[in-house]
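S.K.: My questions all concern the structure below.
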Amino acid sequence: MRLFYDIIGDKRDGRELSADDITRFLTGYLRDELTDYQMSALLMAVCIRGLTPAELSVWADTMLRSGQVLSFPDDGRPVVDKHSTGGVGDKISIPLAPLLAALGFRVPMISGRGLGHTGGTLDKLESIPGFRVGLDLDSFKRQIQELGVSMIGQTAEIAPLDRRLYALRDVTGTVESVPLIASSIMSKKLAEGIEGLLLDVKTGDGAFMREMRDAKRLARTMKAIGARAGRKMAVLITDMSEPLGRAAGHAHEIAESIAVLRGEEVPQVTALTVRQAAELLVAFGRSKSRAAGEQEARRRLFDGTALALFRRLVERQGGDPRVIDDPSLLPQAPQVHELTAVRDGHLSRVGARAVGKALVALGGGRVRKEDAIDAAVGMTFPKKVGEPVVKGEPVIRIHYRDRARLDAALELLTGAIEIALRPVLPPELVAGRL
Ligand code: URA
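Take -1 as the starting number for the sequence shown in the working numbering and just add one per residue.
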């Protein structure tokens, strides 16, 4: 039997590891048969050398099988989920999950918290007073069978190896690796027992993969893991150069999600929600074309079915459903500061990364793991890139609580807004599709 030491050395020197090497190493780590420093050494070697397709397949499969893999009875409703690689103002999962349930899918959505300058679905849902994201797996599965949708956080039973590896990667400079990110995300998603997955890989200033080239590489790698596991995969690469929609910040994003579910045309957000639903409808043969899928998805937004399901979801998970009729019951920041156009022209840039960082500075994100989030603070965007602006018109409204935090946010927003004299095109929302 090969020593763990030799396995690390092989990866360091660029030799392909066998399936047995990988499973022994990873399961050995989970059983505490080897140490954090040995695991960290292998992770760093993977970061530098990458994984071959064969290695990646075994690596992802071992992570997936490190915990429970959920299953659902076959009742004609496909089990699907969506994953976004994260961005600023990206609240699509919140209207999409009930919309998919309204379209006849089952959606066991296990989401994450904010990471760096990006927001997390769980934190956003928790801005609804009383909403519980910590259901046990039995209640989770029961709710999916009864309602078609549940939205919860990571549990100890799902892909526990990822939990251990992620914590280690976070402190050893080994997060930014395409095969490690792809296997981490896909192991958790596949463990939900899904038959299909919509992947939204973000690209641009506010995305983790800023360059299109890197976004494509991550998208291809995740798609390959899903396809090898026999899942239907729909993959979009979408713009994250400006914040998505007209709102960023937890309670603001819930209010915007409710507007989408009411059938309102929220710039970018309604279109992307409908597009993602349509991709899954086509992938499962429920719609003949993307246009037909989009029409069907819009119908479920306009006829109130998706909103009614969201109301039941909120109720089932302990949240106050009155926020749906009266979003002013969501946490509200007491003060507003406006950033205005310095000249007439066309809005050419609202830097998503600066907005995300400024949100964290306002208290709407975590600097340390244990920090509490202020769900009330946020930013709204009366103007979107490509729109004409007149000197003095508000471009960003900052909803804040504390003057010192506002000052910190303003510093981070320096240079985030640009106004061009000539007309500019808005960014292409869907920049690619695999
Ligand atoms: N999100 C994850 O779940 N895993 C990663 O490795 C990176 C982002």
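Ideal Cβ positions, reconstructed from N, Cα and C, are used throughout, including at glycine.
1) Pull up the distance between the alpha-carbon of Leu49 and that of Val387, whole angstroms please.
2) With H, G and I counted as helix, E and B as strand and the rest as coil, what does DSSP make of Asp79?
3) Can you determine whether any heavy atom of the ligand URA sits closer than 7 angstroms to the C-beta of Tyr3, and answer yes or no?
4) With Thr268 and Glu262 assumed to form a contact (beta carbons below 8 angstroms), what rounded beta-carbon distance in angstroms separates them?
5) For Met207, does the three-state DSSP call read helix, strand or coil?
6) Would you mind listing the alpha helix (DSSP H) stretches within the region 17 to 77 that are 4+ residues and don't spill past its ends, in chain order?
7) Run the proximity test for Gly110: is its beta-carbon closer than 7 angstroms to any non-hydrogen atom belonging to the ligand URA?
8) Return the chain-ordered ranges of every alpha helix (DSSP H) run that is complete within the region 116 to 171 and spans a minimum of 4 residues.
9) In whole angstroms, what separates the C-alpha of Lys286 from that of Tyr35?
10) At the level of alpha carbons, what is the spacing between Gly110 and Ser82?
11) Give the range of the alpha helix (DSSP H) segment to which Gly354 is assigned.
12) With respect to the beta strand (DSSP E) encompassing Asp4, which residues constitute its N-terminal and C-terminal limits?
13) Between the Cα of Arg366 and the Cα atoms of Arg13, Lys89, Gly112 and Glu14, which residue gives the shortest distance?
14) For a minimum of 4 consecutive residues, which ranges assigned as the alpha helix (DSSP H) are wholly contained in the region 225 to 301?
15) What do you reckon, is the C-beta of Leu176 under 7 angstroms from a heavy atom of the ligand URA?
16) Using the DSSP secondary-structure output, state which residues sit across from Ser109 in a beta bridge.
17) What three-state label does DSSP hand Pro380 in the structure shown?
18) I think Ser64 touches Ala157, with their Cβ atoms under 8 angstroms apart; what is that distance to the nearest whole Å?
19) How would you call Arg431, buried or exposed, if buried means at least 16 neighbouring beta carbons within 10 angstroms?
20) Please report how far the alpha carbon of Lys230 lies from the alpha carbon of Pro392, in whole angstroms.
21) Check whether the Cβ of Val173 sits closer than 7 angstroms to any heavy atom of the ligand URA, and report yes or no.
22) Let me check understanding here. Comparing Cα to Cα, which of Val86, Val105, Gly84 and Gly85 lies closest to Leu94?
23) For Ala476, which option in Ala100, Lys9, Arg22 and Ile5 has the closest C-alpha, if you only look at C-alpha atoms?
24) Counting only the same chain and skipping the five closest in sequence on each side, list residues whose C-beta sits under 7 angstroms from that of Met184.
25) By DSSP, does Pro392 sit in helix, in strand, or in coil?
26) Per DSSP, which residues does Asp198 bridge with? Please list them.
27) Within 7 angstroms: the Cβ of Leu410 and any heavy atom of the ligand HEM?
M.R.: Concretely, from the data shown:
1) 49 angstroms
2) strand
3) no
4) 7 angstroms
5) coil
6) 17 to 28, 34 to 47 and 51 to 62
7) yes
8) 119 to 123, 135 to 145 and 158 to 168
9) 52 angstroms
10) 10 angstroms
11) Ala350 to Leu357
12) Element bounds for Asp4: not the beta strand (DSSP E) but the alpha helix (DSSP H), Phe2 to Arg10.
13) Gly112
14) 248 to 259, 267 to 281 and 288 to 300
15) Here the sequence assigns Val to residue 176, which means Leu is not the residue at that position. Not so, every heavy atom of the ligand URA lies at least 7 angstroms from the Cβ.
16) Gly151
17) coil
18) 6 angstroms
19) exposed
20) 44 angstroms
21) yes
22) Val105
23) Coverage of the chain is limited to positions -1 through 432, which leaves residue 476 absent and any answer about it impossible.
24) Ala58, Met220, Ile223 and Gly224
25) strand
26) Ser82 and Leu234
27) Although the ligand HEM was asked about, the structure shown includes only the ligand URA as ligands.
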